[in-house]
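Accompanying notes for the structure given below.
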Amino acid sequence: MQMEEKKISGEVIYDGKIVKLEKDKVLCPNGTESYREIVRHNGGSAILCINENNEILMIKQFRYAYNEVMYEIPAGKLEKGEDPKDAAIRELEEETAMKANDIQYLGQIYPSCGYTSEIIYLYLVKNYHQTKTSFDDDEYIITQYIPLEKVKEMILNGSIKDAKTICAISYYLLNENKL
Numbered sequence: 068m069q070m071e072e073k074k075i076s077g078e079v080i081y082d083g084k085i086v087k088l089e090k091d092k093v094l095c096p097n098g099t100e101s102y103r104e105i106v107r108h109n110g111g112s113a114i115l116c117i118n119e120n121n122e123i124l125m126i127k128q129f130r131y132a133y134n135e136v137m138y139e140i141p142a143g144k145l146e147k148g149e150d151p152k153d154a155a156i157r158e159l160e161e162e163t164a165m166k167a168n169d170i171q172y173l174g175q176i177y178p179s180c181g182y183t184s185e186i187i188y189l190y191l192v193k194n195y196h197q198t199k200t201s202f203d204d205d206e207y208i209i210t211q212y213i214p215l216e217k218v219k220e221m222i223l224n225g226s227i228k229d230a231k232t233i234c235a236i237s238y239y240l241l242n243e244n245k246l
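In the numbering used here, the protein residues as written are 68 to 246.
Dropping the structure here:
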């Protein structure tokens, strides 16, 4: 059964610093025409940092889109053509002052496949050393280690809502057979 849609035409509605919004006219498999609005995004990388005490290095920051302070793992957007692994290493150091010595790929996620092309690459680091932070001008971040068991409770009680964080921890627990 044919499931793919074919692009008939398209236009760029907005082209910003982080995202591009496109509106495409498509031909559906059943022959009808429809429109798709797509947010194009270079993607991002996130890194789950775990210390020898089985504590997760979490960041807290205000997220304007939700008007809420969120718990998350360190993450950031990819520059055009940037290797996701390099971005994960960079973001960990910029946001937490920890430099990864060795990282492991966990997987990738499509945060919202209905309207965005964004892919977030997830990594794990257990071997790292302290350096210094290098926040973006518009970032205010607080870091703290939280025991893994407490992080799991925070996910279940809704204190942690961030999808990339929940997915990275799930990948880790599944790989370690600890879920």
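Ideal Cβ placement from N, Cα and C applies to all residues, glycine included.
Treat the numbers as computed from the prediction; the structure is a model and nothing was measured.
Check: Alpha carbon to alpha carbon, how far is Y188 from A155? Give it in angstroms, no decimals.; Outcome: 8 Å
Check: Need the endpoints of the alpha helix (DSSP H) that I222 sits in, please.; Outcome: 215–223
Check: What residues are listed by DSSP as bridge partners for Y172?; Outcome: Y190
Check: Quick check on the DSSP output: the alpha helix (DSSP H) that includes C234 runs from which residue to which?; Outcome: 230–242
Check: Is it the case that the region 221–240 contacts the region 185–199, given that we only count it when at least three CB pairs across the two stretches are under 8 Å?; Outcome: yes
Check: Run through DSSP, which three-state label would L88 get?; Outcome: strand
Check: Quick one: residues in its chain with C-beta nearer than 6 Å to the C-beta of D91, no 5 flanking neighbours on either side, listed in chain order?; Outcome: K74, G77, R103
Check: DSSP state of L145, grouped into three classes?; Outcome: coil
Check: Considering only DSSP beta bridges, list what L124 is partnered with.; Outcome: Y212
Check: At what residues does the alpha helix (DSSP H) containing A154 begin and finish?; Outcome: 151–163
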